[in-house]
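J.: Just dropping this structure here.
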Amino acid sequence: MLNLYGKDFSSRLLLGTAAYPSPLVLRNAVEAAGAQIVTVSLRRESARERAGQRFWDLIKDLGVDVLPNTAGCRTVKDAVTTAHMARELFATSWIKLEVIGNDDTLQPDLFGLVEAARILNDDGFQIFPYTTEDLGAAERLVDAGCEVLMPWGAPIGSGQGLANERALASMRAYFPGVPLIVDAGIGAPSHAAQAMEMGYDAVLLNTAVAKAGDPAAMALAFAKGIEAGRMALKAGMMEPRDMASPSTPVAGTPFFKLDNAS
Amino acid sequence: MQIVVNGEPTETVVRTLAELCATLELGSDTIATAVNGRFVPAQSRAELKLRAHDEIEIVSPRQGG
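Chains as they are written, first to last, in our numbering: chain D, 229 to 490; chain B, 323 to 387.
Shown next as structure tokens:
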């Protein structure tokens, strides 16, 4: 089971709710994925549209846990205030903490992230920080009270997969007891499977499913990829080797002569 | 007086944040509020008196990744 802040989950796929062609497609994707946690956000509301009410009704009907984000926040103050609004809005202390540092890469501002994490931890939040593979920043986030870390695989929405695989492997080795979730940059189920094979605890993705030709089918494909990667990790994978090693027994090979053996 | 609601300059005669939400027909909706960058809990909206040039954010749940 995946344990996040004391709560157990059987699904290791956290799914974003943005950019689907319709609410029905979103619903079908969440159900096909078997996702138990979805990410949500908050935006300015107007009585003309009431977009928030309709969306919230749909999410409540899905019966899943919600992980609100602070997407778009570029300062500590904005992120902290957004987190407080989200806690009241969604009635949860969970917060996917994003403090964006660069508009082109949407890379987290690690200095602001750590500062915001300290403030929100003191305010009683349970923080899921969107971070990089930087071990120093990760240590400070853990010191600030974060019990989960969410390093990026690649820039948000890029679909590149695990751009810095070795650093992600180091992070896994460095924090053996901390739940680690690859968040952002995943493009294909094979990327998600790879993260799970490396020992990551879960994968959070959005665009790869929402923008697929058939989002529900892709959601299922991701669920299967994540399950396969996790099973492979637990089964114990072979070590790679430089040279070939025949899998078919050599003994008893027809026409075999000792002279040929070299 | 003039205030700013969700980034738009707005002329209003209301006195409190709760009155503003009601006037905007959002009083009974699932919303959260902030004034001048600080979170204002739902139970505090009735006591929070608005002043000229206050910047008010009124938000609701939305899709997110």
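The beta-carbon is built from N, C-alpha and C at its ideal position, and this holds for glycine as well.
(1) In whole angstroms, what is the alpha-carbon distance linking K439 of chain D and Y248 of chain D?
(2) The segment 267-287 of chain D: which residues have C-beta closer than 8 Å to a C-beta of chain B, in chain order?
(3) Given a cut-off of 7 Å, decide if K305 of chain D and G359 of chain B are closer than it, judged by their beta-carbon atoms.
(4) Flag V390 of chain B as yes if its beta-carbon sits less than 7 Å from any beta-carbon of chain D, otherwise no.
(5) Which residues in chain B sit within 9 Å of T360 of chain D, going by Cβ to Cβ distance?
(6) When we look at the beta-carbon of Q432 of chain B and count the other beta-carbons within 10 Å, is it buried (16 or more) or exposed?
(7) Specify the secondary structure class of A440 of chain D as computed by DSSP and reduced to three states.
(8) Please check if any C-beta of chain B sits within less than 7 Å of the C-beta of A366 of chain D.
(9) Are W380 of chain D and A401 of chain D touching if we call contact CB-CB under 7 Å?
(10) Identify the contact partners of T338 of chain B in chain D, using a Cβ-Cβ distance below 8 Å as the criterion.
(11) Would T481 of chain D pass as an interface residue toward chain B - the criterion being a Cβ-Cβ separation below 7 Å?
(12) Using 8 Å for Cβ pairs, my map puts F450 of chain D next to P417 of chain D. What's the rounded Cβ distance?
(13) With C-beta atoms as the reference, is I414 of chain D less than 7 Å away from A436 of chain D?
(14) For the beta strand (DSSP E) containing A356 of chain B, name the first residue and the last one.
(15) Are the C-beta atoms of L342 of chain B and some chain D residue less than 7 Å apart?
T.: With the structure as the only source:
(1) Indexing the first sequence from 1 puts residue 439 of chain D at position 211. Indexing the first sequence from 1 puts residue 248 of chain D at position 20. Those two C-alpha atoms are separated by around 7 Å.
(2) T267, V268, S269, L270, R271, R272, E273, S274, A275, R278, A279, G280, Q281, F283, W284, I287
(3) What you label residue 359 of chain B is simply residue 37 of the second sequence in a count that begins at 1. What you label residue 305 of chain D is simply residue 77 of the first sequence in a count that begins at 1. Yes; because the gap between Cβ atoms is below 7 Å, this pair is in contact.
(4) This structure cannot speak to residue 390 of chain B, because chain B is shown only from 323 to 387.
(5) As a position in the first sequence, residue 360 of chain D is number 132, starting the count at 1. In chain order: nothing, as chain B lies at least about 17 Å away.
(6) As displayed, chain B neither begins before 323 nor continues past 387, which places residue 432 of chain B out of reach and without an answer.
(7) To locate residue 440 of chain D, count along the first sequence from 1; it is residue 212. If DSSP states are grouped into helix, strand and coil, A440 of chain D belongs with coil.
(8) As a working mapping, residue 366 of chain D is identified with position 138 in the first sequence. Not closer than 7 Å to any Cβ of chain B, the Cβ of A366 of chain D fails to qualify, so no.
(9) Start at 1 with the first residue of the first sequence, and residue 380 of chain D comes out as number 152. Start at 1 with the first residue of the first sequence, and residue 401 of chain D comes out as number 173. No, the pair does not count as a contact, with Cβ atoms beyond the cut-off.
(10) Within the second sequence, numbered from 1, the residue matching residue 338 of chain B stands at position 16. Neighbours of T338 of chain B on chain D: none; closest Cβ ~18 Å, over 8 Å.
(11) Counting from one through the first sequence, the residue named residue 481 of chain D turns up at place 253. Closer than 7 Å: no.
(12) Here residue 450 of chain D refers to the residue found at position 222 when the first sequence is read from its first residue. Here residue 417 of chain D refers to the residue found at position 189 when the first sequence is read from its first residue. Confirmed, about 5 Å.
(13) Mapped onto the first sequence, residue 414 of chain D falls at position 186. Mapped onto the first sequence, residue 436 of chain D falls at position 208. Against a cut-off of 7 Å, the Cβ pair of A436 of chain D and I414 of chain D comes out as a contact.
(14) Reading the second sequence from its first residue, position 34 is the one you call residue 356 of chain B. Taken as a continuous stretch (DSSP letters only), the beta strand (DSSP E) holding A356 of chain B covers 354-357.
(15) Locating residue 342 of chain B in the second sequence gives position 20, counting from the first residue. L342 of chain B has a beta carbon lying at 7 Å or more from every beta carbon in chain D.
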